[in-house]
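One gets the numbering used here by counting positions in the sequence shown from 1 and adding 49 to each. Using N, Cα and C, we set each Cβ at its ideal position, and we do this for glycine too. Bear in mind the structure is a predicted one, so any value in this text is a computation, not a measurement.
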Amino acid sequence: MYEHKIKSIEELKEILDSYRFNGKRIVLCHGCFDLVHYGHILHFLNSKEQGDILVVTVTPDKFIQKGPGRPFFKEDIRIKHLANIECIDYVTLNKWDTAIETIKVLKPHIYSKGKEVLDNKTIDEISSESLTKSNLSLEIEALESIGGKLHLTDDLTFSSSNILNQIASMLPEETKIYLSELKKNFNSEYMVKVLESLNDIRVLVIGDSILDEYIYCHVLDKVGKEPIVAYKFMSSETYLGGAFAVASDLTSFTNNISLITCIGKNSYEFIETNLNKYIERNIFIQNESETLVKKRFVDYYKNIKNFEIYNTDGLILNKNTEDKIIKYLNDNLHRFDLIIVADFGHGFITEKILDYLTNCNKFLAINCQLNAGNFGYNFITKYKKADFASINSRELRLPFQEKNSDIKIPIKKLSEKLNLHMINVTLGKSGNIYYHKGEHYHVPAFTESPIDTVGAGDEVLALTSLLSYKNAHPQAISFLGNCIGALAVKIMGNKSQVSLTELKKFVSYIMR
């Protein structure tokens with residue numbers, strides 16, 4: 050009985066144009082509507098009174114950042130549920146992450162929101178061209194551009210997020226207990242202010258250049274005469290990895306970012322086109338070398354990686370390039386507050402550069418990664434000192450041959466060896482642990498279903514480096530680092546970055 054109400058954005062545009070031509074007033078409501086309750090019904094009834102045709106647009110699953118396990122109901126169920134409500138005339142799945150473009154396309158006379166939206170202005174801020182505005186402000190601008198008006202309903206309200214968090218939480222019991230204890234000392238407003246305090250930090254990122262190519266394939270079957278499986282090519286995408294990714298991740302929090310790296314003869318145009326414009330580029334080129342490209346062959350339907358190919362062993366700096374980089378550092382070091390070393394072990398961090406960085410008297414944050422191209426040859430113990438490190442448990446355990454010991458033992462050894470008093474260790478499905486001057490702060494995992502862990506460590510490194518430089522509270526650093534990691538594992542590779550808005554929303558909802 051409800052199927053006729055469900056339309057695509059394109060179909061709905063034509064239908065509404067016809068209603069508008071005949072003098073009908075169109076009202077638009079937009080939201081997640083994960084758990085429709087009595088407060089929503091009152092909102093819809095009030096909204097319908099403002100016009101003739103009530104349209105409800107629904108946020109797609111992929112754009113919802115309301116904490117682990119959300120949305121509780123998938124988009125197709127949410128749409129069907131709304132279509133069964135009598136006062137709603139049409140329902141459609143939105144194509145964008147906000148209603149801004151939707152308003153411009155559907156051109157409602159009235160855009161109806163619950164009055165509680167006024168309380169979410171700081172959480173829903175969106176940055177554009179160095180200007181920060183609330184999502185509501187941008188929606189109002191879109192409304193005014195098409196001659197529409199905002200209507201705020203002020204009926205009895207309930208929070209579906211609070212209801213779901215109480216009766217249907219997807220979080221493990223350990224995580225619920227952790228959050229309950231955290232909220233005794235901190236609230237989401239405090240965490241948001243900590244995140245917003247990072248925008249004045251002047252950062253230099255230095256490290257290996259990497260391109261990540263994802264080649265999506267559909268499995269066919271075993272080849273007839275040989276013991277191999279055949280795949281059909283479907284599509285491919287290339288993302289900026291390595292130091293490019295770390296610098297890009299930082300743009301969510303500060304616009305004062307410089308990057309030093311070296312590339313080979315390939316992919317210069319791609320890098321220039323795709324690197325965030327707010328990043329100051331200091332890209333050295335060695336035409337006798339190749340930029341490292343990691344090709345990952347991925348199952349098209351399940352997003353499972355089948356195998357990986359490197360096009361080169363790495364990019365080894367020649368003496369001329371090395372001297373130019375040292376000269377740049379000498380001439381520009383005074384411009385930076387924080388140096389983040391993205392050491393992927395592919396040849397960029399030479400012994401001379403390493404010595405310079407560890408003796409330059411700047412706050413030094415390091416990540417020393419182990420991967421298939423350097424396994425066993427790129428231990429963090431090659432550094433003599435640092436101010437902060439973010440690594441995973443394997444990268445911590447291997448240098449000290451501590452396979453099964455309590456994680457606090459290799460943490461202590463690393464602290465003593467590098468005179469290092471701030472260490473973040475990611476533990477995969479066990480969350481993370483942050484060490485600060487003899488104390489350990491463990492945070493359990495916030496997600497149990499990662500899509501892709503590639504790039505998540507870069508996001509964690511970028512944010513926790515900024516927080517550690519700012520000397521944020523250790524509990525805030527461990528919590529926020531784990532939050533951004535939980536969001537990052539929902540992104541394929543480095544296809545996009547976790548935005549400040551996404552992170553603030555996640556923090557707000559998970560701490561309700």
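Figure out for me which residue from N304, H267, V104 and G363 has the closest Cα to the Cα of G291. The sequence position of residue 291 within the sequence shown is 242, counting from 1. Minimum Cα distance to G291 is reached at G363.
In angstroms with no decimal places, state the Cα-to-Cα distance between N468 and I460. Numbered from 1 along the sequence shown, position 419 holds the residue referred to as residue 468. Numbered from 1 along the sequence shown, position 411 holds the residue referred to as residue 460. Looking at the two C-alpha atoms, the distance is approximately 11 Å.
Where does T370 sit, in a helix, a strand or coil, going by DSSP? If you number the sequence shown from 1, residue 370 lands on position 321. T370 carries a helical assignment under DSSP once its states are collapsed to helix, strand and coil.
Consult DSSP for C532 and reduce its assignment to one of helix, strand or coil. In the sequence shown, counting from the first residue as 1, residue 532 sits at position 483. It is helical.
Unbroken beta strand (DSSP E) runs of length 3 or more, entirely within the region 209-280: which are they? Complete beta strand (DSSP E) runs here, min 3: 252-256 and 258-271.
Quick one: what's V140 bridged to in DSSP? In the sequence shown, the residue the question calls residue 140 occupies position 91. Its beta-bridge partners are I55 and V105.
Would you identify the three-state DSSP class for I159, choosing helix, strand or coil? The count along the sequence shown starts at 1 and reaches residue 159 at position 110. DSSP places I159 in strand when its eight states are reduced to three.
Is the region 416-423 touching the region 387-395, taking contact as three or more C-beta pairs under 8 Å? Because the criterion of three Cβ pairs below 8 Å is met, the region 416-423 and the region 387-395 touch.
How big is the Cα-Cα spacing for E262 and G100? As a working note, residue 262 is residue 213 in the sequence shown. As a working note, residue 100 is residue 51 in the sequence shown. The alpha-carbon atoms of E262 and G100 are separated by roughly 50 Å.
Cβ atoms of T303 and L247: under 8 Å apart, would you say? Taking the first residue of the sequence shown as position 1, residue 247 is located at position 198. Taking the first residue of the sequence shown as position 1, residue 303 is located at position 254. Taking 8 Å as the Cβ cut-off, L247 and T303 qualify as a contacting pair.
Does the beta-carbon of S96 have 16 or more other beta-carbons within 10 angstroms, so that it is buried, or is it exposed? Start at 1 with the first residue of the sequence shown, and residue 96 comes out as number 47. When all chains shown are included, S96 counts as buried.
Going by alpha carbons, who is nearest to K198 out of V243, K233 and I152? For the purposes of this step, residue 198 is taken as residue 149 along the sequence shown, with counting starting at 1. Selection V243, K233 and I152 evaluated against K198 yields I152 as nearest (Cα-Cα).
Quick one: what does DSSP say S307 is sitting in, helix, strand or coil? Your numbering for residue 307 matches position 258 in the sequence shown. Strand, per DSSP.
Might you give, ordered along the chain, the residues of its own chain that have their beta carbon closer than 6 Å to the beta carbon of Q524, omitting 5 neighbours on each side? As a position in the sequence shown, residue 524 is number 475, starting the count at 1. Closer than 6 Å at Cβ, skipping near neighbours: Y490.
D436 burial status per 10 Å Cβ neighbour count (16 or more: buried): The residue labelled residue 436 in the question sits at position 387 within the sequence shown. Taking all protein chains in view, the Cβ of D436 is crowded by 16 or more other Cβ atoms within 10 Å, so the residue is classified as buried.
Extent of the continuous alpha helix (DSSP H) to which F302 belongs: Residue 302 sits at position 253 when you count from the first residue of the sequence shown. Per DSSP, F302 belongs to no alpha helix (DSSP H) and is neither H nor E.
Beta-bridge partners of K354, as assigned by DSSP: Here the question's residue 354 lines up with position 305 in the sequence shown. Residue pairing from DSSP places K354 in a beta bridge opposite V347.
For G80, list the residues DSSP reports as bridge partners. Translated into positions along the sequence shown, residue 80 becomes position 31. Its beta-bridge partners are V107.
Compare the C-alpha of V342 against each of G80, Y327 and F319 and name the closest. The count along the sequence shown starts at 1 and reaches residue 342 at position 293. Restricting attention to G80, Y327 and F319, the CA atom closest to the CA of V342 is found in F319.
How far does the beta strand (DSSP E) with R330 in it extend, from its first residue to its last? The residue labelled residue 330 in the question sits at position 281 within the sequence shown. Taken as a continuous stretch (DSSP letters only), the beta strand (DSSP E) holding R330 covers I328 to I334.
May I have the straight-line CA-CA distance separating F385 from L308, to the nearest angstrom? Sequence index remark: in the sequence shown, residue 385 carries index 336 (1-based). Sequence index remark: in the sequence shown, residue 308 carries index 259 (1-based). Approximately 11 Å between the Cα atoms of the pair.
Can you name the residues that DSSP bridges to V492? As a working note, residue 492 is residue 443 in the sequence shown. According to DSSP, which records beta bridges pairwise, V492 is partnered with N481.
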